[in-house]
Amino acid sequence: MAVSLQTRVFYGLRTDIANNVHYITDAEVLYPVGNALAIHNILQHQQKLIRLPERYYDANGICVSINKKFVALSDVGDKPTISIYDLNSLKRRKLLGIPFDAPGVTRFTCISFTFDSKYLVAITGEPDQTMLFYNWEKGKVESTFKLANPQNPLAIAEVLACNPTDATVVAVGGAYTFKFLTVSETVWRPYGFAKSENLLVCSMTWLDGDRLMVGTEDGRMLYLENGDLKNVYRMTDTVTMNLKIREEYVMPIAVSSQIILEAGKDDTWQQNVGCLIAFPRGFAYAHGGGTVVLFEKEGKHKYTKRNVYVIPQRMMKDDDPNLYKIHTINVNPSFDRLIVTTDWSQMYYATLWGPDLQMDPEPQEMKIMGQPLHHGPINGLSMCAWKPVFMTCGEFDHSVRLWDFETESLIMLKQYDEDISSVALHPMGLFCLIGFTDKLRFMSILIDDLLPMHEIAIRNCKTVRFSHNGHLFAAVNGNVIQVYTTIGFYNPFILKGHTGKVKTLLWSQTDLKILSMGAEGSIYEWNMTTGTRSSEFIWKNIVLHDIVLSSDASFIYCITQDDQIREIKENEIVREFRLPGKEMQQMIMGKNDLTLFITSPSGIIISLKSPLQTPIESTDFHIHCVDITQIALSYNENCLISVAKDGSLCIWKLYFPEGKIMKMSRDLPYTNEVLIGKGDLEEKIHSIKNLTVRLRELEMEHAYRLRQIDVQHNDKLREVHQGYCEAIEELVEKVDKDREDHRNEVNNMNMNIVRMKASHEEVMKQMENNYEAKLITEYDKYQAFEERTNAMRENYEKQLKDLEKRDAEQLQKTVTKYEALLHEKKIQLEETFDEMTHKERVHERLMAQIEDDTDREILEIRTKYENLIYDEKQISLKLKGEAGVIGNKFMASQRDVDDLKRQVDRVQGEYAQFHKNIQDLEKQITDLKKEITERDATIRNKEQQIYDMKRTNQELEKFKFVLNFKIDELMNQIQPKNQEIQELKDSIRNMEEELMSIHKTNENLELQLHEEREKLRIARRETDREIHKNKRCQQLLRKIRVDILDISELVQEPNALKTAVTNLYHKYSADDETLRSRKADMDAQCEFIRQKDQLEKTIASLKKQVFQDTSTGDKELRMTEENSMLTVELNALREELKQAREHVLYMESLLGLTRKDVRPTEARKILEQAFHGYQELQEKYMKQIQEYQQVILALKEDIKQLLNKIPCEEKEEEKTSS
């Protein structure tokens, strides 16, 4: 098989397609290049290609859906179509055509998706323009509308804008054409403004669902709202636009249509308001050569001119102003970047919302997106051996560019004022040759520049080549070849002999020969040791296109204007190979003669299997859309570079058949060294020194500032530490007080618990006596029930024994039956085994015959190659005889003999390789035999297992049927017993429900008692607190009275009295404690009133219950009192927990932990200092709380037991009373 190619990256841009660039994401851009649509990730430098079929090589328009998932591409042809591609899968989803006969229609003028991406609107070209409304997912046209204007044949619809909120509204415009269209039930109707006889519409965009902006070719912009014309602006003078204010406007005067169209062909496009695009923060449009104007939105109706962006000027052979005409403007999904294309094969971008708003903004230059590309044909290409670089030159843009094919990026760009004919790169990559119009210059490649070193007087040198070792280079001067050295630049040889222009130069691998091809049809071989012509091949009246030389310089491949490749050996055509229907232009072959590539018109690269054999094996790769100018292989033959007439450049990756990788004779790692001028180096060293000095100064300043900051922080830390120490002392005092209060409460609780235990023990004794009598009666009932169940059990056991005997007999019968079946199967297995041994013998015989056939083929191949060797030896003997007669040709014949010996060695090596391959195949055959036998054995085992399982399943189903029948009989016997059991269960359930209801009533009473006790406890504590507060207030009053008595001594001194009174006022009125005490008093009073009301309500409810439940005696009252006490105690504990939480928050505020700017490390230190020993206290309190909780749980259980005994006692009392 031939070597296959895969594109790594494809640079270029087709400018003949409308809307040729679109943002897919903020990083991905879609654009057409060659015969593909490229999706290029600018940030990650990755590229995906959508290959187009041949009919789409003449595409004329691109449109991307609003959701950025699909792209539509229209083509030009007799039957134009639209293809829709999925941007995720990179495959075509649908092909749309014109569903009716449209004679003369060869294109679509414009296409657009609706806002929901479900429909596609397309307008066909002249002569009969029609708008088609496609449901593209179903592939059908839902409606059509005729746009042709018979009254004005110059009216052409070229612009289309779909409404951003309504898929049924479309605006259409063009030369003398403008319409609003809406559809209802597949019928399109115009509405709104339609006076288009004087309008030359060139762009449109919707600001929202109701407002439309229209740009014209005379520099005006129309604003339409809800289908009506509101304003007309002349954009050359407009700085702000207030759409709400209706201005006076004058429509442009009707001019002769022929004059306008003729002017439009020349320079009137510079007045166009074109490529209008709107986004949420404004809109942008193209106005003039390479200029983009941005208006920013400052309100719903106001827009202000913000920025002007300009395409950077570029040098060109023929300065054409049309190159700066803007074709496309697109905005990214984030609405902060514009991408622009012109007639230049380059994409530009501008960042929006950069500088502040200005009334008269200065133009800003746009930046190149991606790599700077050539514009026009690339007429020179040269590869390097030591570095992964290649050099190109442009015919129109006067530039030389150095590329890196590993990183797929541009390294250097050098622009010149004169035409460049050719380039050649030295194998080291440090020097190059560039052919200018006046001279051929030898230049050194610096880090960012090309420095001329020597000039050679050769004008328009279009062919120049370095030798493979780099010590020589050959340049073509008309029909003369001049050879120079790269060290002294002296001219050792001038090779003359061609009558026509020399088209191709080739160095042999050893640099001892040069092969030249002339336009007159001659191929000369030159000896570089003597500078003489060693051989020649002249083919008159034939146009030669290109030649390649083999690695050992033994033969030449030549292509001409026909479809044949000719092999030339010893100045004679030895073989001819035909590629039917293929015109060939250029050819290149690898160093080891294993790769051969040919270019064909329309950008086709043909990969051929080398060395060539009949029939030729070839593979076509079509990515360029125009003719390829040059191709080149990298030194390691892993990459192929192709350049074309449209400035596109493609880097291909080579994949050899069967996973082979081309190995060089020696490993040659790429170098990274570059040249730099001495002056540039000194400047950089000087700047580095200055920067190091500046860095040291900055370090000193930074260290000084850090010291000052440390001093300030230390002072703040001292102040904070003092505050924390004071707060800790206060906390320790309060903790001691809390401990004393806690001890008192614990003692009180212990006393209450002892009392409750004594009362509960008495109640328990009484309840135990009552329950003993009930248990005796229940035990008697249970014993009678157990006797019945035993009798039933004995009956069932007898029945089960009978069933077991029957099952055992049936099992014995089935076992004997299956043993007989097993014996039969064993006999069958032995027979099948004999058949398998017979088949193995037959298989071995077949293998022996195959081995004999292979041996015969090997012998035939050996005899064939021995005959070839014999023939070659006879030829060599003849050549030796001729050499004795002709002495001058002796050396040439000797070289031919050496070549034949090399071929013999090669054939012997191939024979050895074939022998190895045969051995490997034999090994594979034996392995496959083993695998076949193993798999056959496993298959037999699996089949036997499946058969056994099926038999067992059948038997089990029979057994299941018998058992089901017996189970049905038993179920019929069990049903009456189950009914009796169910009746007993129902009676037990009713008794349990009665018990549950009694338990619920007791629990409700217990809860009420608990709540009442808790409330009483809280009331007592509140009264104690009020007494304590009253004492504090009395103490404060005493202090105030004493201070007033002290002040009364200063009655005679008014000033001193005034100061004393103010101090007294500030002392007591501004005291935080007094304020807090007042607030606490008010809160306590409110809480007291609330609790008083609640207690009164509960007392009233309890009184009602007491009146209702008169039967309950003193025992229930006692239990209610105990429950109320417990609830009071629990409420008191809850209140203390609430106060403790408030106290914690207060202490955190004192410590400064509630601030947001406190760092975690500072907070941790503060807490460690403030709450030292807090964990021990917490553990101690937790243990005490757990103990109290256990005590409370024990008391609750005792209460429940007592409450359960109460209803039993009541029932006994009722019985005794009855």
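Heads up: the sequence shown begins at 192 in the working numbering, then just goes up one per residue. In this text, a Cβ means the ideal position worked out from N, Cα and C, and glycines have one as well.
The beta carbons of L840 and G225 sit no closer together than 8 Å. In terms of Cβ geometry, I215 and A250 do not form a close pair [threshold 8 Å]. Annotation for I559: Q537, Y539 place their beta carbon closer than 7 Å to its own, counting only its chain and skipping 5 residues before and after.
Between the region 684-694 and the region 651-670 there are three or more C-beta pairs closer than 8 Å, enough to call the two in contact. Ranking T542, N433, F1156, S825 by CA distance to the CA of G490 puts N433 first. Comparing C-alpha distances from Y1379 to each of E828, E1320, T396 shows the shortest one belongs to E1320. Each of Y861, T206, A1039 was checked against the Cα of A576, and the nearest Cα belongs to Y861. One alpha carbon belongs to V926, the other to Y1256, and they sit about 32 Å apart. Annotated as proximal: C353 and V312, with beta-carbon spacing under 8 Å. For T532, the closest C-alpha among the options L543, K1121, L514 is that of L514. Here the alpha carbon of L415 sits roughly 22 Å from the alpha carbon of I302.
Under the Cβ criterion (8 Å, minimum of three pairs), the region 387-398 counts as touching the region 364-372. Around I233, the same chain offers A218, V220, M560, G561 as residues with beta carbons nearer than 7 Å, after the five sequence neighbours per side are excluded. Following the DSSP letters along the chain, one finds L338 in no beta strand (DSSP E), marked with neither H nor E.
If you compare the alpha carbons of Y715, I1137, V734, I733 with that of S725, the shortest gap goes to Y715.
A Cβ-Cβ distance of about 6 Å is found for the pair L631 and L624, placing them in contact under the 8 Å criterion.
With a cut-off of 8 Å on Cβ pairs, the region 891-909 is not in contact with the region 608-620, counting fewer than three such pairs. Residue range 795-800 is occupied by the beta strand (DSSP E) that includes I797. Between the region 783-799 and the region 810-819 there are three or more inter-stretch CB-CB distances shorter than 8 Å, so the stretches are counted as touching.
A Cβ-Cβ distance of about 19 Å is found for the pair F299 and A358, leaving them out of contact under the 8 Å criterion. Distance from the CA atom of I1049 to the CA atom of R1032, rounded to whole angstroms, is 26 Å. Residue pairing from DSSP places S375 in a beta bridge opposite V378. In this structure, I253 sits near P223, with a CB-CB distance shorter than 8 Å.
Between the alpha carbons of Y970 and E977 lies a gap of roughly 10 Å. Nearest C-alpha to T482 among S791, L467, Y681: L467.
H736 is positioned such that its CB atom lies closer than 8 Å to that of M775. Burial is judged here by how many other beta carbons sit within 10 angstroms of a residue's own beta carbon; N570 has at least 16 and is buried. Where Q821 is concerned, the enclosing beta strand (DSSP E) starts and stops at 819-824. Taking all protein chains shown into account, Y1061 has fewer than 16 neighbouring C-beta atoms within 10 Å of its C-beta and is therefore exposed. Taking all protein chains shown into account, M1182 has fewer than 16 neighbouring C-beta atoms within 10 Å of its C-beta and is therefore exposed. DSSP places Y861 in the coil class of the three-state scheme, outside both helix and strand. Listed as beta-bridge partners of Q804 by DSSP are no residues whatsoever.
Taking the Cα positions, I273 is about 21 Å away from N521. One alpha carbon belongs to A666, the other to G316, and they sit about 52 Å apart. Taken atom to atom, the span from the alpha-carbon of K337 to that of A293 is near 12 Å.
According to DSSP, residue pairing for L323 in a beta bridge involves A313, T335.
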